[in-house]
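Before any comments, here is the structure.
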Amino acid sequence: MLNRPLLAMDIGGGTQDILLYRPDQPLENCVQLILPSPTVICGRQVEAATAARRDVFLTGYLMGGGALVGALRRHLAAGLKVYATATAARTVYDDLDRVRQLGIEITEEPPGDAVTIKTGDVDLDTLAGSLALYGVSLPAEVAIAVLDHGEAPKGTSDRLFRFQHWQRFVAGGGRLADLLYREPPRYLTRMQAVREQAPGAWLMDTGAAALWGALDDARVAAHSEEGLIVVNCGNQHTIGVLLQGQRVWGLFEHHTSCLSGHKLAAYVEKLRAGELTNEEIFNDGGHGCYIDPGYRPGGGFRFVAVTGPQRRLTIHQDYYWAAPYGDMMLSGCFGLVAAVASNTR
Numbered sequence: 001m002l003n004r005p006l007l008a009m010d011i012g013g014g015t016q017d018i019l020l021y022r023p024d025q026p027l028e029n030c031v032q033l034i035l036p037s038p039t040v041i042c043g044r045q046v047e048a049a050t051a052a053r054r055d056v057f058l059t060g061y062l063m064g065g066g067a068l069v070g071a072l073r074r075h076l077a078a079g080l081k082v083y084a085t086a087t088a089a090r091t092v093y094d095d096l097d098r099v100r101q102l103g104i105e106i107t108e109e110p111p112g113d114a115v116t117i118k119t120g121d122v123d124l125d126t127l128a129g130s131l132a133l134y135g136v137s138l139p140a141e142v143a144i145a146v147l148d149h150g151e152a153p154k155g156t157s158d159r160l161f162r163f164q165h166w167q168r169f170v171a172g173g174g175r176l177a178d179l180l181y182r183e184p185p186r187y188l189t190r191m192q193a194v195r196e197q198a199p200g201a202w203l204m205d206t207g208a209a210a211l212w213g214a215l216d217d218a219r220v221a222a223h224s225e226e227g228l229i230v231v232n233c234g235n236q237h238t239i240g241v242l243l244q245g246q247r248v249w250g251l252f253e254h255h256t257s258c259l260s261g262h263k264l265a266a267y268v269e270k271l272r273a274g275e276l277t278n279e280e281i282f283n284d285g286g287h288g289c290y291i292d293p294g295y296r297p298g299g300g301f302r303f304v305a306v307t308g309p310q311r312r313l314t315i316h317q318d319y320y321w322a323a324p325y326g327d328m329m330l331s332g333c334f335g336l337v338a339a340v341a342s343n344t345r
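For the record, in the sequence shown the residue sitting at position 258 is 258 according to this note's numbering, with numbers rising by one throughout.
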């Protein structure tokens, strides 16, 4: 593990999972938090404004959409107004013309009677202030995971654009170490926004963090060299990965809400066989699938490890529910710690 303190934050669609890692104490004694995700918090603020029949004004950073965007749509449907700065508005769509078409007015000046809602995936000051009441201070070094669709060119599907990022990763060698960023690609605009809120932070995709974290489970790690499948069933996205050693041979990504246990099991089996196609996942409403042409299942890749808050999708399958250090919900945080440790040895 890492030989210095680290604040690890895995920011998902339903929760933000937080670990204050310290090497001088047992991991079980480190401060651990499972809190509502920022998009859920902002979504609830919009819902309160809707109930009060108040317009809202969004200001701050681009952040994960999810619950917030759903609440904004309902707010507009109720006949109320939404105003937003250009930066905050990109939480809804990168293309501001699409934001305007939804009925959101872009303005840098807050209307006097609107409820102001601050957007952003990270608020270290609030976290530090809350923990200070317990005599706990934040580590200086920070690692954060978010799911980033990237800023797709106008007219391009964001599902397709995100998966092109994954495909380039696998086709480029699929090295686990390449999933951790100091400087993320410019098109990963959500990560860029996180960098503004937490300068100097390590950055990673939530799917990648869960993959790293699952390997901290000893039983999962024991199957690494022969090849295995790791599935992360997140609140919004599910990703299945063909992994051997430090090499990702292929993966698919889908929206969890589109999956049943039966459908997910069928996709996992086709992934193992090397028969799952990009078109099959994309046409079902997911992001896609890519398997390296050099992948050979052979006798390996029979073991399937599952993590993520929606892992109950696999309850009827003979899959192993990974729980690194006995805590599945912190898989992404453990993954961030492991990735930073691997990068800095």
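Glycine included, C-beta positions come from ideal geometry on N, C-alpha and C.
Worksheet item: Which class does E105 belong to by DSSP, given the choice of helix, strand or coil?
Response: Here DSSP, grouped into helix, strand and coil, assigns E105 to strand.
Practice prompt. Report the rounded CA-to-CA distance for P309 versus V115, giving the unit in angstroms.
Written response: Each residue's alpha carbon lies about 32 Å from the other.
Discussion item. My parser needs the alpha helix (DSSP H) runs of 4 or more residues fully inside the region 191-227; what are they?
Written reply: 206-214 and 218-221
Discussion item. Distance check for P5 and Q167, CA to CA, integer angstroms please.
Written reply: 33 Å
Worksheet item: Taking just the CA atoms, how far does V46 sit from Y278?
Response: Before going on, a small fix: residue 278 reads as Asn here, not Tyr. Each residue's Cα considered, the two are about 37 Å apart.
Practice prompt. Give me whichever residues DSSP pairs with M9 in a beta bridge.
Written response: In the DSSP output, where bridge partners are listed per residue, M9 has I18 and I144.
Fill in: Boundaries of the alpha helix (DSSP H) in which Y267 is found, first to last residue
G261 to A273
Discussion item. Assess contact between the region 107-127 and the region 76-87, defined as three or more Cβ pairs (one per stretch) separated by less than 8 Å. Is contact present?
Written reply: yes
Worksheet item: Do three or more CB pairs link the region 211-230 to the region 259-266 at distances below 8 Å?
Response: no
Fill in: Contact between the region 266-273 and the region 194-206 (3+ Cβ pairs under 8 Å)
Short answer: they don't touch.
Worksheet item: Per DSSP, V56 is paired with what?
Response: In the DSSP assignment, V56 is bridged to V82 and V115.
Worksheet item: Hey, quick one: how far does the alpha helix (DSSP H) through H254 stretch, first residue to last?
Response: No alpha helix (DSSP H) holds H254; the beta strand (DSSP E) holding it covers R247 to H255.
Practice prompt. Please find out if some non-hydrogen atom of the ligand ADP comes closer than 7 Å to the beta-carbon of A52.
Written response: This structure lacks the ligand ADP; in fact it carries no ligand of any kind.
Worksheet item: Under three-state DSSP, which class holds A323?
Response: Look at A323 here: in three-state DSSP terms it is coil, with no helix or strand label.
Worksheet entry | T256 burial status per 10 Å Cβ neighbour count (16 or more: buried) | Residue burial annotation: T256 is buried, with at least 16 other C-beta atoms found within 10 angstroms of its C-beta.
Worksheet entry | Helix, strand or coil at G288 according to DSSP, with G and I counted as helix | Strand, per DSSP.
Discussion item. Please classify E225 as buried or exposed, where buried requires at least 16 neighbouring CB atoms within 10 angstroms.
Written reply: exposed
Worksheet item: Across which residues does DSSP place P36 in a beta bridge pair?
Response: T15
Worksheet item: Leaving out the 5 sequence neighbours to the left and right, which residues in its chain are closer than 7 Å to L313 when beta-carbon positions are compared?
Response: C233, L259, G261 and L264
Fill in: Chain-order list of residues whose beta-carbon lies under 6 Å from that of G348 (same chain, five-residue window excluded)
Only positions 1 to 345 of the chain appear in this structure, which leaves residue 348 out of reach.
Worksheet item: When burial is assigned at 16 or more other CB atoms within 10 Å of the CB, is G66 buried or exposed?
Response: Buried, by the Cβ-count rule.
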